[in-house]
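Novice: Encoded as structure tokens, here's the structure I'll be asking about.
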Amino acid sequence: MRIVLFVLSTFILQNLSGQELDFQVTINIPALKTADPQTLQKLEQEISLLLNQTTWTDDTYLPEERISCSLQINIKDDPTSNIFLADFYITSSRPVFNSDYNAPIINHVDKDVRFTYEEKTPLRDNRLKYTDELSAILTFYVYVILGYDADTFASLGGDQYFKIAEQIVNSAPPTASPKWRRSAGTNNRYWLIQNLLDTRVRRMRIANYEYHRNGLDRMYDDVSTGKAVILSSIKEIGQVNELYRNSLVIQIWGNTKSSEILEVFKNSIKTEQRQVYEIMEKINPSLSGNLNALR
2 MRIVLFVLST FILQNLSGQE LDFQVTINIP ALKTADPQTL QKLEQEISLL
52 LNQTTWTDDT YLPEERISCS LQINIKDDPT SNIFLADFYI TSSRPVFNSD
102 YNAPIINHVD KDVRFTYEEK TPLRDNRLKY TDELSAILTF YVYVILGYDA
152 DTFASLGGDQ YFKIAEQIVN SAPPTASPKW RRSAGTNNRY WLIQNLLDTR
202 VRRMRIANYE YHRNGLDRMY DDVSTGKAVI LSSIKEIGQV NELYRNSLVI
252 QIWGNTKSSE ILEVFKNSIK TEQRQVYEIM EKINPSLSGN LNALR
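The sequence shown begins at 2 in this note's numbering and counts up by one.
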């Protein structure tokens with residue numbers, strides 16, 4: 002009996018120690034030119050297994066504590082049977098305390114991703130070594146998501162995960178995609194992680210923590226206080242935006258949070274609404290249409 006209990010407890014601990022993510026993976030397959038659709042169906046399964054079954058941290062997660070995420074891969078081209086061009090849509094959310102609402106944490110698109118997939122070559126955790134483009138991209142976004150999530154529960158709590166993502170960027174060889182390098186525009190993986198670790202963005206990340214932990218999480222019992230913290234956080238992020246124009250991280254935050262912010266302030270006094278609208282419009286002018294009700 003003691004042996005059975007030991008085996009059972011070991012099994013439970015092993016299952017609690019990993020599997021931090023609850024990833025929904027979808028590959029949208031258009032009319033392919035050369036690739037076999039079954040290859041992409043197999044790839045969808047392989048990606049889901051890697052993301053959901055790998056132990057990514059040393060933390061303990063109960064099944065209900067796993068981070069809700071999604072990865073949608075829209076295939077745009079297949080120049081050969083094993084080379085693909087796609088847009089990657091990455092999202093994550095986390096529950097708001099004492100509510101049934103899940104707050105969006107990151108909503109990001111990595112466009113024009115070119116990768117190779119061979120069915121007999123497994124996808125791998127690329128924390129320690131770059132093995133292939135797709136595995137590196139998936140591992141990179143795992144740690145970006147872990148960092149974003151941790152930042153909403155502890156001030157600058159995502160640092161340890163963002164630094165792992167930075168290691169993945171630095172390990173990409175010269176033959177890898179230019180999106181790992183600073184020279185390839187400002188909307189790429191290099192600049193995403195550099196922004197997140199930039200000292201100029203730390204105030205924004207701290208404000209984002211306040212927004213979630215002392216704003217949204219407080220609204221279940223004190224709407225006025227929670228909303229005041231959210232407004233103060235938006236103002237702080239607006240000030241960071243004034244000092245660091247066109248920061249990719251701040252633009253991602255605006256895109257992710259615009260609909261939520263509209264819901265929070267849609268019944269507020271007009272002066273508050275106007276303040277929020279002006280800040281969000283400066284963060285990203287394309288958001289102005291979504292926030293017209295606050296104008």
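Just so you know, even glycine gets a beta-carbon here, dropped at the ideal spot from N, CA and C.
When we look at the beta-carbon of residue 154 and count the other beta-carbons within 10 Å, is it buried (16 or more) or exposed?
Specialist: Exposed: under 16 other Cβ atoms inside 10 Å.
Novice: According to the neighbour-count rule (16 or more other Cβ atoms, all chains shown, within 10 Å of its Cβ), is residue 159 buried or exposed?
Specialist: Looking at its Cβ environment, which holds 16 or more other Cβ atoms inside 10 Å, residue 159 is buried.
Novice: If you drop the 5 nearest sequence neighbours on each side, which residues of the same chain put their C-beta closer than 6 Å to that of residue 89?
Specialist: If we look at residue 89 and ignore the five residues flanking it on each side, its Cβ neighbours are 74, 111 and 114.
Novice: What three-state label does DSSP hand residue 73 in the structure shown?
Specialist: Three-state DSSP puts residue 73 in a strand.
Novice: If you draw a straight line from the C-alpha of residue 288 to the C-alpha of residue 264, how long is it?
Specialist: Their Cα atoms are separated by approximately 14 Å.
Novice: Could you please give the first and the last residue of the uninterrupted alpha helix (DSSP H) stretch that includes residue 139?
Specialist: Unbroken alpha helix (DSSP H) run through residue 139: 134 to 152.
Novice: Count the other CB atoms, across all protein chains shown, that sit within 10 Å of the CB of residue 117; report buried if there are 16 or more and exposed otherwise.
Specialist: With fewer than 16 other Cβ atoms within 10 Å, it is exposed.
Novice: Suppose the cutoff is 8 Å on Cβ atoms and the five residues either side in sequence are ignored; what does the same chain contact list for residue 103 look like?
Specialist: Cβ neighbours of residue 103 beyond the five flanking positions: 69, 94, 95, 96 and 97.
Novice: Would residue 187 pass as a contact of residue 108 if the rule is Cβ separation under 8 Å?
Specialist: For residue 187 and residue 108, no; Cβs fall outside 8 Å.
Novice: Please classify residue 42 as buried or exposed, where buried requires at least 16 neighbouring CB atoms within 10 angstroms.
Specialist: Exposed, by the Cβ-count rule.
Novice: Assuming residue 259 contacts residue 291 (C-beta within less than 8 Å), just tell me the rounded distance between them.
Specialist: So it is a contact: roughly 5 Å between Cβ atoms.
Novice: Under 8 Å, with one C-beta from each stretch per pair, do the stretch 221 to 241 and the stretch 193 to 212 reach the 3-pair mark?
Specialist: Counting Cβ pairs under 8 Å, three or more are found: they touch.
Novice: Taking the runs of the alpha helix (DSSP H) that are 4 residues or longer, which of them lie wholly in the stretch 251 to 296?
Specialist: The stretch 251 to 296 contains these whole alpha helix (DSSP H) runs: 271 to 284.
Novice: Can the beta-carbon of residue 124 be found closer than 8 Å to that of residue 48?
Specialist: Yes, Cβ-Cβ distance for residue 124 and residue 48 is below 8 Å.
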